[in-house]
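The sequence shown begins at 3 in this note's numbering and counts up by one.
Working notes, structure below.
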Amino acid sequence: MKSDIQIARETPLKKVKEVAESIGIDRDAVHNYGPYMAKVPLWLKNQERIDQSNLILVTAITPTKAGIGKTTVSIGLALGLNKIGKKAIVALREPSLGPVFGMKGGAAGGGYAQVLPMENINLHFTGDFHAVTSAHNTISALLDNYIFRVQGTPSEIKEVLWKRVLDVNDRSLRYIVTGLGPGNGVPLESGFDITAASELMAILCLAEDEDDLRRRIENILLGYTREDKPFTVKDLGVAGAITVLMKDAIHPNLVQTTENTAAFVHGGPFANIAHGCNSVLATKMAMSYGEYVITEAGFGADLGAEKFFNIKCRKSGLRPKLTVIVVTAQGLKMHGGTPEAGIKQPDMAGLKKGLENLSKHLENLAAFGQTVVVAFNKYAFDTQDEIDVVAEFCRERGIRFAVNNAFVEGGQGAVELASAVVDAIENEPSKPLQFTYSDEDPIRTKLEKIAINIYGARDVVFNEKALRRLKGIENTPLEKFPVCIAKTQFSFSADPKEYGVAKGFRFKINDIVINQGSEFIVAIAGEMMRMPGLPADPQARRIDIVDGKIEGLS
3 MKSDIQIARE TPLKKVKEVA ESIGIDRDAV HNYGPYMAKV PLWLKNQERI
53 DQSNLILVTA ITPTKAGIGK TTVSIGLALG LNKIGKKAIV ALREPSLGPV
103 FGMKGGAAGG GYAQVLPMEN INLHFTGDFH AVTSAHNTIS ALLDNYIFRV
153 QGTPSEIKEV LWKRVLDVND RSLRYIVTGL GPGNGVPLES GFDITAASEL
203 MAILCLAEDE DDLRRRIENI LLGYTREDKP FTVKDLGVAG AITVLMKDAI
253 HPNLVQTTEN TAAFVHGGPF ANIAHGCNSV LATKMAMSYG EYVITEAGFG
303 ADLGAEKFFN IKCRKSGLRP KLTVIVVTAQ GLKMHGGTPE AGIKQPDMAG
353 LKKGLENLSK HLENLAAFGQ TVVVAFNKYA FDTQDEIDVV AEFCRERGIR
403 FAVNNAFVEG GQGAVELASA VVDAIENEPS KPLQFTYSDE DPIRTKLEKI
453 AINIYGARDV VFNEKALRRL KGIENTPLEK FPVCIAKTQF SFSADPKEYG
503 VAKGFRFKIN DIVINQGSEF IVAIAGEMMR MPGLPADPQA RRIDIVDGKI
553 EGLS
């Protein structure tokens, strides 16, 4: 089969103005970024049509390093729905350069289920990530200047919480010291997170409009003064300047699929270190013009889906009609104890054992009130016997099951899945959304409810640093915020090597981060780093440019 980039290059693209017209947007209303990408102004949202649209979440079992193909399934489902006569639009996150050149590679789908132009989307796209990086680091520079100017006064900052960000994977930047040398400012311990973990990225993805963007930026907590008073971007007096840097990034990006249907790609927080969902604005824009809208949440249902429901839906009022959970035979086998080297070979015992992981995710999704369709993402080496085992598992539990082969066949390969999705929405849509915790629960209780009820932990252990942060939050408006747990994506626990279904473990939280602008509290579990490192063999080694054409991008 041809490579992703070959398929992308051979696909005839429509001009983005034509794509806009195909879903009912005036061709002259969009702001072009070249012939095939555009920004869609916020005023084009339509609440009446949003209320009538069918929102579908795509999530997955716990991922493995072999990948699950959730983005490919999301795009494929949109293609399949269009094949059966439904007006469907996919709404995805933007890729991050760190993973593109690191371990994961691109994030524009695969095979004949991609969003295009994939080279642009996977690299600099419309500049949203650069805008977030610039805005974040401008705050850092202005804060350092303020610290330099007010040192020795009552306004002096005693504790700085704000780091810097870059859109790279670079472990050497996790901990740094700034201001060294005469005349170079005040020496401070600091560090870099990846741009996807920036609070500004979360703000971009949760803001409802420009005014809400400005309000949230003003509220970002930067540190505490010598008098123990919180110090925010509003106190720094630069909210206007930072909003200016974000003014274009807030508008959703319109592109197209391999079958020339519309796709919105906007925002890019990771689900393991942030809330893992595309922007509320892009989701609502898609719902303004699509009868069915498919969106995904990062990694497994314990991470992205949990945060989609408890953070994104709670704050935005969005309510999915259905959740699709993606499984692969190789993923199930790995969770069932099959060695990584053998997951492409038949192993019925490992496959059946791995179904425990799917079962736990189904249990969690049921607790949210979700009707679920299981999508078996088919690979060339999968056997019919393996497919039949998973299908029977679902049939016994009264859960709809469908095979997805959009990677090879495009929309035609997702017709079975699309039909199952429509049948579920028309005959058995999800119940009213049930959250894991209430706004009134203390932050500690919220974290315990997720760890115990979603992950399966025995209890939650907080270190001294985390307990100190929790104490500072007690009896303040911050306790009303939802919580966002940063943990490994490879396990229900905080141990990335504990596959399958972890049971009876102690869940350790090592730090608490107050995201006052994005309005959630981040709890960092285990050894989770908000700046990833590069693998021994990064994807960058495969990427090149030959005769003006990019090679090796996937």
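Ideal Cβ placement from N, Cα and C applies to all residues, glycine included.
Exercise for review: Please name the residue or residues paired with C279 in a DSSP beta bridge.
Suggested key: Answer by DSSP bridge pairing, in chain order: A299.
Review point. Could you give the residue range of the beta strand (DSSP E) that holds R402?
Key: For R402, the enclosing beta strand (DSSP E) starts and ends at R402 to N406.
Review point. Nearest CA to the CA of P189: which residue from I178, I196 and A198?
Key: A check of alpha carbon separations from P189 across I178, I196 and A198 identifies I178 as the nearest.
Point to revise | Supposed close pair H253, I63 - CB separation, criterion 8 Å | key: With 8 Å as the limit, H253 and I63 do not qualify as a contact, their Cβ atoms being about 34 Å apart.
Exercise for review: State the beta-bridge partners of V329 as determined by DSSP.
Suggested key: DSSP output for V329 lists F378 as bridge partner(s).
Point to revise | Complete runs of the alpha helix (DSSP H) confined to the stretch 414 to 476 [at least 4 residues] | key: Every alpha helix (DSSP H) stretch that sits fully inside the stretch 414 to 476 and reaches 4 residues is listed by chain position as 417 to 429, 445 to 451 and 466 to 475.
Point to revise | Rounded separation between D130 and Q386 - CA only | key: One C-alpha to the other measures close to 43 Å.
**Study point:** Closest residue to T227 among E158, A199, G242 and L15 (Cα-Cα distance)
**Key:** Of the candidates E158, A199, G242 and L15, the one whose C-alpha sits nearest the C-alpha of T227 is E158.
Review point. What is the residue span of the alpha helix (DSSP H) that T74 lies within?
Key: For T74, the enclosing alpha helix (DSSP H) starts and ends at K72 to K85.
Practice item. Go ahead and label K1 buried or exposed: buried means 16 or more other beta carbons lie within 10 angstroms of its beta carbon, across all protein chains shown. Key: Past the boundaries of the shown model lies residue 1; the chain is included only from 3 to 556, so the question cannot be answered.
Check your understanding: In terms of DSSP beta bridges, what is Y226 paired with?
Key -> Its beta-bridge partners are E161 and P232.
Point to revise | Own chain partners of A133 with C-beta closer than 8 Å, once the 5 adjacent residues on each side are dropped | key: L247, M248, D250 and A251.
Exercise for review: Please work out which residues of its chain come closer than 6 Å, Cβ to Cβ, to F395, disregarding the five sequence neighbours upstream and downstream, and give them in chain order.
Suggested key: Non-local beta-carbon contacts of F395 in its own chain, meaning distances under 6 Å to residues more than five positions away in sequence, involve L357 in chain order.
Point to revise | Straight-line Cα distance separating R532 from Y484 | key: The amino acid at residue 484 is misidentified as Tyr; the sequence shows Pro. Between P484 and R532, the C-alpha separation is close to 19 Å.
Check your understanding: Going by alpha carbons, who is nearest to E466 out of I511, R460, I475 and D441?
Key -> Taking only the C-alpha atoms, the option nearest E466 is I511.
Check your understanding: Taking the runs of the beta strand (DSSP E) that are 3 residues or longer, which of them lie wholly in the stretch 140 to 195?
Key -> Those beta strand (DSSP E) runs which fall completely within the stretch 140 to 195 and span 3+ residues are 159 to 162, 166 to 168, 178 to 180 and 190 to 192.
Check your understanding: Within 7 Å: the Cβ of G183 and any heavy atom of the ligand MG?
Key -> This structure lacks the ligand MG; in fact it carries no ligand of any kind.
Check your understanding: To which residues of the same chain is N56 closer than 6 Å at the C-beta, ignoring the five residues directly before and after it?
Key -> The beta carbon of N56 sits closer than 6 Å to the beta carbons of Y294, K323 and I427 from its chain, once the five residues preceding and following it are set aside; these are given in chain order.
Check your understanding: Which residues bound the alpha helix (DSSP H) around T245?
Key -> A241 to M248 is the extent of the alpha helix (DSSP H) around T245.
Check your understanding: From which residue to which residue does the alpha helix (DSSP H) around V509 run?
Key -> Residue identity differs from the one stated: residue 509 is Phe in this sequence, not Val. Unbroken run through F509 is the beta strand (DSSP E), R508 to N517; no alpha helix (DSSP H).
**Study point:** Residue environment, Q491, which counts as buried when at least 16 other CB atoms sit within 10 Å
**Key:** Buried is the call here.
Practice item. Output the boundary residues of the beta strand (DSSP E) element that contains E553. Key: Start and end: K551 to E553.
Practice item. Measure from the alpha carbon of D230 to the alpha carbon of each residue in G502, G474 and E210, then state which is nearest. Key: Nearest option by C-alpha distance: G474.
**Study point:** Presumed contact (8 Å Cβ cut-off) between L118 and L15, rounded CB distance
**Key:** Contact flag correct, Cβ pair sits at about 6 Å.
Point to revise | Element boundaries [beta strand (DSSP E), containing I58] | key: Per DSSP, I58 belongs to the beta strand (DSSP E) from N56 to A62.
Review point. Whole alpha helix (DSSP H) runs in the stretch 4 to 68 with 4 or more residues, listed along the chain?
Key: If one requires a minimum length of 4 residues, the alpha helix (DSSP H) runs lying completely within the stretch 4 to 68 are 6 to 12, 18 to 24 and 49 to 54, in chain order.
Practice item. Starting from the Cα of V21, find the closest Cα among A264, K67, G69 and Q116 and give me that residue. Key: The shortest Cα separation from V21 among A264, K67, G69 and Q116 belongs to A264.
Point to revise | Whether T128 touches V167 by CB criterion (8 Å) | key: It is not a contact, given that the beta carbons lie outside the stated cut-off.
**Study point:** Proximity of R95 and G239 at Cβ, strictly below 8 Å
**Key:** The Cβ-Cβ distance between R95 and G239 does not fall below 8 Å.
Exercise for review: Please name the residue in A393, T260 and K354 whose C-alpha comes closest to that of A10.
Suggested key: Of the listed residues, the one whose Cα sits closest to A10 is T260.
Check your understanding: V410 and Y114 look like a contact to me (Cβ under 8 Å); what is the Cβ gap, rounded to whole Å?
Key -> With a Cβ gap of about 7 Å, V410 and Y114 count as contacting.
Exercise for review: Starting from the C-beta of P498, find all residues in its chain whose C-beta is less than 7 Å away, skip the five residues before and the five after it, and write them out in chain order.
Suggested key: Answer for P498: T490 and F492, listed in chain order.
Review point. How should G550 be labelled, buried or exposed, when 16 other C-beta atoms within 10 angstroms of its C-beta is the threshold for buried?
Key: Around the Cβ of G550, a 10 Å sphere holds fewer than 16 other Cβ atoms; the residue is exposed.
Practice item. May I have the straight-line CA-CA distance separating V60 from S98, to the nearest angstrom? Key: Approximately 20 Å, taken between the alpha carbons.
Check your understanding: Taking contact to mean at least 3 C-beta pairs separated by less than 8 Å, is the stretch 101 to 113 in contact with the stretch 213 to 226?
Key -> Verdict: no, contact absent.
Check your understanding: Are the CB atoms of G413 and K85 nearer to each other than 8 Å?
Key -> Inclusion of G413 and K85 in the CB contact set at 8 Å is warranted, their separation being smaller than that value.
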